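Colleague:
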Amino acid sequence: MKLTNLKTLGKIAITGLIASVLPMSVNAKDTVKVGVVSFLTGPAAGPFGTPAKQGAEIVIDAINSGTMPAPYNTKGFAGATMNPIFSDESGGGTKQVGLFRDFVQKQNVDAMIGYISSGNCMAIGPVADEVKMLTIFSTCGTERLYEEKLRSHVFRTQGNAVGDSLAAAKYIADEYFKGKVSTSDKMYTGINQNYAWGQDSYKFFKLGMAQYVPSAVGSSKPQFPKLFSGQYGSEISALSLDKAKIVHTSFWNGDFEAFMLQALVRGFFQKKILVSSVGGSGVDSLGKKFPDGVIMGTRGNVGLVVRNNTTPLNKWFIDSYKKKYGAYPLGPSYQYARAVMLYKVGMDKAAKAAGKFPTQDQVIAAMKGVTFESFADTIEMKRGDGHQAVHSIAYGVTKYNKAKGEPGIEKIITYPASCIYPPAGAISQKWVESGMPGRKCN
Amino acid sequence: MQFLITVLLDGLIYASYLFIVSLGLTITFGVMKILNVAHGGFFAWGAYLASISIIYLGDNEYNSFLYYFAIFLSAIIVGLFFGYIIERFILRKMYNEDIHLIVLATFGLFWILEDLILHVFGVDPLMPYYPAMELGGIEVGGIFQGVYSLTLAGLAIIVAFICWYFLKKTKYGKVLQSVIFDREVSVSMGINVTKVYLITFIIGGMLGALGGAYIAPTISVSPGFAIDVVVMSFAVVVIGGMGSVPGALIGSLIVGLVRAFAVHQAPILELFIIYAIMAIVLIIKPEGLFAPPKPRKI
């Protein structure tokens, strides 16, 4: 082959390469491809994964079309339309790491959003840093995610489980122990799933009780049934025979509904006070059968506890969700929506600072330490070196709303982040054990 | 005393539930020598079909008696439909294959049945609580027990009696025992083993589906909930002896009572203790406590 021919071929190849790359870079400014991962199969799909996906869809569609209320009323993510690719979170950490790498290396996504399971977050976190992929965890709760190691490319818009458990203990101290309570009524126990989430939740509830109600005594036989075991007859009997009046649970998904159902027919709630940190979905599943008097949290100012909150953003979200899906948005719907909102905040802020479509590093810098408006409060990315959110957490007592014919909640108390989360840099367990120095609850 | 009564009742209720589910598994193994992992699929389909029926009946305020009719009808439909299709068109073509391949096939069938549930019923959990709510609770030994859960023990006794009567007192039961003892000899005696296999597989499927259908009113029926049940049933069958009906009964009682005791006294050991018993039985008597005798072949 002659040299001139080789040069011609070279020119054609380079021209072809440029031609193929240019439209991609232009497209990258028009659309951002984002993987959105939640449980779409398995026992967690119905009460968690599906509402989560639906919450993300509502907000993504609204931002893409520029119809979301202020301050999210500008069109797109730094002007780009988000193209979400929804994926199933089932199958465990190993499978999810494989899928994550596939998203990054084969599908060339611009960011990843989601993840409900703490196990999956712990597995994905290091990989996200390794492959340098901006990842926003929406729901998982383990405090170890940032307390064991700071993350460069990973953000979490959900406060960790420490706040949920401490807020539960504080609510009991403020509301239940307000007035006269006998010594026997100050005993507590728990039923939590036997894995990191359940064990950690009860551990911090116990630590919180020791601080807020030093005279309260924990049972020697708290229950830790297997995740998704579904049958709690023996556990309910054991809890019934236990002298403890207060029963803490961080049950979620079908386990919570099954426990409630089995406990309900056995008159459990006439003798015990259940404190649930994340059982909001069960309230709707059981409807008017759900017992009054359960102390209920939703892991923030989301779901059941903000149904009557009338901020424009919250009202819009509830109305849009009900219109599209015929039901109230649940906690996970809000959590996924918030993760999408942080991405918009980061993209818009970075684009404004750069004066052009931002790079991933610019987006990460913009998101770090930012405070953004949520549906009923503000989210501060002030822990984990600016990557971990803290926010207020509300608890209330379930009370069926006969007038509206739907589940309701009353006696709501909202605890600010400064009351229930350790300060930046502190290790949660040590902070609680040392008396929670510096906490501000009012 | 209160403690003992409670542990006994809790253990019996859980054992009843395990017995109904593991009975189908052990009968299928006894006759066909197939470890049917797809049994969990029958359990799940039974639960789903019963759930939608009960929710429909409950929402429209039909007679409560119809709930129980729906439960049994669901079990029969699921056992007949999937049992026939799976045995006739899949397993029958594999009887001469390696036993491990058949187990893998039933494993695949389990996931197919699970996936079909997602397509047919969706991912939203179903809560057919009407029968359990209507029967309410009753005080036994100082604490309330769910009446519906107590009826599970009654159902288990009836199922065990029918099973005993069928195997010992009927002609078909004797045929079944002959096939359990030795397939080749049964064929030489003119028994239509192919037909026996089909009927056995359908009955096994019905029992699995009955377990799911009957338990549905006390749980949140959601995709994937059957997996743990299958694993626990395997533990029961291994302890009692693969293929042994009395073994399934004794295995269920052991697991149920020991688990109940652990939950009350040492909750953290709840799972460990069940599998520890299984391991001990496997070490001391690998074929299980009540494994049927094997024919001596020359």
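Residue numbers (my numbering), protein chains in the order written: chain A, -13 to 428; chain B, 23 to 320.
Positions of the beta carbon are idealized from the N, C-alpha and C atoms, including for glycine.
Only a predicted model underlies this, so the values are computations on that prediction, with no experimental measurement involved.
(1) How about Met155/B: is its C-beta nearer than 8 Å to some C-beta of chain A?
(2) Mapping DSSP to helix, strand and coil, what is Ala14/A?
(3) Would Gly268/A pass as a contact of Ala380/A if the rule is Cβ separation under 8 Å?
(4) How long is the line joining the alpha carbons of Gly68/B and Arg87/A, rounded to whole angstroms?
(5) Given a threshold of 16 other Cβ atoms within 10 Å of its Cβ, counted over all protein chains shown, does Ser187/A qualify as buried or as exposed?
(6) Ignore the nearest five residues each way along the sequence and tell me which others in Ser378/A's own chain have a CB closer than 8 Å to its CB.
(7) At which residue ranges does the region 279 to 359 of chain A contain complete alpha helix (DSSP H) runs of 4 or more residues, listed in the order of the chain?
(8) Per DSSP, what kind of secondary structure is Ala375/A in: helix, strand or coil?
(9) Can you confirm whether His326/B, when its beta carbon is compared against all beta carbons of chain A, has any partner nearer than 8 Å?
(10) Since Lys275/A meets chain B, which of its residues come closer than 7 Å, beta carbon to beta carbon?
(11) Is the separation between the beta-carbon of Tyr36/B and that of Ser220/A shorter than 8 Å?
(12) Any idea if Leu177/B is buried or exposed, counting beta-carbon neighbours within 10 angstroms, 16 or more meaning buried?
(13) Looking at the C-beta of Ala14/A, does it have a partner C-beta in chain B at a distance below 8 Å?
(14) Does any residue of chain B bring its CB to less than 8 Å from the CB of Lys330/A?
(15) I want to see whether chain A comes within less than 8 Å of Leu291/B, judged by CB atoms only; does it?
(16) Measuring straight from C-alpha to C-alpha, what distance separates Gly227/B and Gly105/B?
(17) In this structure, does DSSP put Glu396/A in helix, strand or coil?
(18) Kindly indicate the opening and closing residues of the alpha helix (DSSP H) around Arg205/B.
(19) Spatial neighbours of Leu157/B within its chain, please: C-beta separation below 8 Å, excluding the five flanking residues on both sides.
(20) For my contact list, Val291/A and Asn300/A are in at a C-beta cut-off of 8 Å; report their separation, rounded to the angstrom.
(21) Straight-line CA distance for Asn118/B to Ser200/B?
(22) I believe Asn106/A touches Glu129/A by the beta-carbon criterion, under 8 Å. Please report the beta-carbon distance rounded to the nearest angstrom.
(23) Do Thr17/A and Val145/B count as a contact pair if the criterion is CB distance below 8 Å?
(24) In terms of residue numbering, what span does the alpha helix (DSSP H) encompassing Ile77/B cover?
(25) Closer than 9 Å, Cβ to any Cβ of chain A: which residues of the region 233 to 247 of chain B, in chain order?
(26) Tell me whether the beta-carbon of Val83/A lies closer than 8 Å to the beta-carbon of Ala109/A.
(27) Could you name each continuous beta strand (DSSP E) segment of 3 residues or more that falls completely within the region 219 to 280 of chain A, going from the start of the chain to the end?
(28) Taking any Cβ of chain B, which residues in the region 205 to 234 of chain A have a Cβ under 8 Å from it, in chain order?
(29) Could you tell me if Pro183/B is buried or exposed, where buried requires 16 or more neighbouring beta carbons within 10 angstroms of its beta carbon?
(30) Kindly indicate which residue of Met149/B, Ala92/B, Ser244/B and Ile276/B has the alpha-carbon position closest to the one of His141/B.
(31) Starting from Gly111/A and walking both ways along the alpha helix (DSSP H), at which residues does that stretch end?
(32) Determine which residues of the region 24 to 56 of chain A have a Cβ less than 9 Å from any Cβ of chain B, and write them out in chain order.
(33) Suppose the cutoff is 6 Å on Cβ atoms and the five residues either side in sequence are ignored; what does the same chain contact list for Arg425/A look like?
(34) Does Phe25/B have its Cβ less than 8 Å from a Cβ in chain A?
(35) Is it true that the CB of Val117/A sits closer than 8 Å to the CB of Val20/A?
(36) Along chain A, in chain order, which residues have C-beta atoms closer than 8 Å to that of His286/B?
Modeller: The answer reads as follows:
(1) yes
(2) In this prediction, Ala14/A has a pLDDT of 49, which is less than 50 and means its spatial position is unreliable; nothing more can be read from the coordinates.
(3) no
(4) 38 Å
(5) buried
(6) Gly286, Asn287, Asp363, Thr400, Tyr401, Pro402 and Ala403
(7) 298 to 311, 317 to 340 and 346 to 353
(8) strand
(9) Outside the shown range of chain B (23 to 320) lies residue 326/B, about which nothing can therefore be said.
(10) Tyr151 and Met155
(11) yes
(12) buried
(13) Any answer about Ala14/A is weak, because its pLDDT of 49 lies below 50 and its placement is not dependable; what the coordinates show is given next. Chain B, which has no Cβ nearer than 8 Å to the Cβ of Ala14/A, makes this no.
(14) no
(15) no
(16) 6 Å
(17) strand
(18) Segment Arg205 to Ser210, the alpha helix (DSSP H) holding Arg205/B.
(19) Gly168, Val169, Tyr170 and Thr173
(20) The pair is not a contact, with the Cβ atoms about 11 Å apart (cut-off 8 Å).
(21) 20 Å
(22) Not confirmed; about 16 Å, so no contact.
(23) no
(24) His61 to Asp81
(25) The residues in question are Ile237, Pro239, Thr240, Ile241, Ser242, Val243, Ser244, Pro245, Gly246 and Phe247.
(26) Yes. Within cutoff.
(27) 232 to 235 and 259 to 262
(28) Listed by position along the chain: Lys207, Pro208, Gln209, Phe210, Pro211, Lys212, Phe214, Ser215, Gly216, Gln217, Gly219, Ser220, Glu221, Ser223, Ala224, Ser226 and Leu227.
(29) Looking at the sequence shown, residue 183/B is not Pro but Phe. By the neighbour-count rule (16 or more Cβ atoms within 10 Å), Phe183/B is not buried but exposed.
(30) Ser244/B
(31) Ser104 to Glu116
(32) Phe25, Leu26, Thr27, Gly28, Pro29, Ala30, Ala31, Gly32, Pro33, Gly35 and Thr36
(33) Cys405
(34) Yes, Phe25/B counts as interfacial toward chain A.
(35) no
(36) Lys207, Ser220, Ser223, Ala224 and Leu227
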